C-alpha cells in the first residue's frame, strides 16, 4: 500500500529517542507522505525543520487552541512568515477546543481561529481544523470564510455536520479512534462522507488504533485505520489507501 498520513506530530518530544530512525523507515513501510502540523510558533518551526530534512515530510504552521494563550500580533505575524516556506502546505493545527477547562477563554480561541482563517483566505492556503466539543461554533466560524477549505482533523461531529462540511467542500480526517468499540458516531459520519472527501491520519504520537491502543502511535499503524474505514465503505484496504493518498495530495496541492 502507498499511504499518506495527513496528520502526525513527529516534532513531539515523544519521538526524541528515535525520530530519525522512524522517519527514515517510513517510505519503506509504504508511508509515502506525511504532514506534520505545528501547534504554536516553536512547533511550527520544528515541523518545517523536519520537512526540510525528509523529502516525504511536509509541514503545516499555526496556533492550536490549547496553545494560543498569550498569542498576539507577533505570533500571528510569525505564522504568516512561516507560511512562505516552500514546504508549508497548510495553516494548522487551528480551531476550537472546549474540552479542557484550563484552555484559553472561548472568545479568545475564536478570535485566534478567525485571524488564522482570514490569513488562509488571504494566502489561498488550506487549513487543518481541530474541533473538540465545539462543533456548533467551529461550523459557524468556518462558514464565515467561504473561500477557505481544508480538513476537520480527527472528525468527531455528527453525520449531519459531516454532510454540511462536505457540501461546503471540506475533507474529513479519520484516525485511530474509528477502531475503538464505541466508534458508532464515526461510522455514521463515514457513511455519509463520499470516498473522495476522506483522508486518514494518525495524530502520532497520540490516538493509537486497536490493537495498539495506549502505546505510542506512528504512521506505520495507519493500516488499521485503513482496514476499518475500507470495511465501512465496502472497498479493499489497498483501494482505500490509494483513494486517501490521492485525496491528501489534492487537499495539500501536492499533485
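Residue numbers (our numbering): 41 to 295. For every residue, glycine included, the Cβ atom is placed at its ideal position computed from N, Cα and C. Everything numeric in this text was worked out from a predicted model, so none of it was measured.
Residue range of the unbroken alpha helix (DSSP H) whose run includes residue i
i: residue 277; result: 277-291
i: residue 232; result: 224-232
i: residue 205; result: 199-207
8 Å Cβ cutoff met for residue i and residue j
i: residue 189; j: residue 209; result: yes
i: residue 215; j: residue 48; result: no
i: residue 140; j: residue 118; result: no
i: residue 229; j: residue 178; result: no
i: residue 156; j: residue 103; result: yes
i: residue 124; j: residue 99; result: no
i: residue 246; j: residue 257; result: yes
8 Å CB neighbourhood of residue i in its chain, flanking five on each side removed
i: residue 255; result: 248
i: residue 161; result: 185, 187 and 188
i: residue 283; result: 235, 236, 238 and 275
Reduced DSSP category for residue i - H, G, I as helix; E, B as strand; rest coil
i: residue 259; result: helix
i: residue 71; result: strand
i: residue 191; result: strand
i: residue 44; result: strand
i: residue 99; result: strand
i: residue 265; result: helix
i: residue 172; result: strand
i: residue 107; result: helix
i: residue 164; result: coil
i: residue 77; result: strand
Whole-angstrom C-beta distance between residue j and residue i, which should lie under 8 Å
i: residue 240; j: residue 266; result: 6 Å
Same chain, Cβ closer than 7 Å to residue i, five either side skipped, listed in chain order
i: residue 96; result: 66, 67, 72, 73 and 74
i: residue 4; result: In this structure the chain extends from 41 to 295, so residue 4 is not present and cannot be described.
Limits of the beta strand (DSSP E) - the one that residue i falls within
i: residue 125; result: Looking at the DSSP string, residue 125 is not in any beta strand (DSSP E), and its letter there is neither H nor E.
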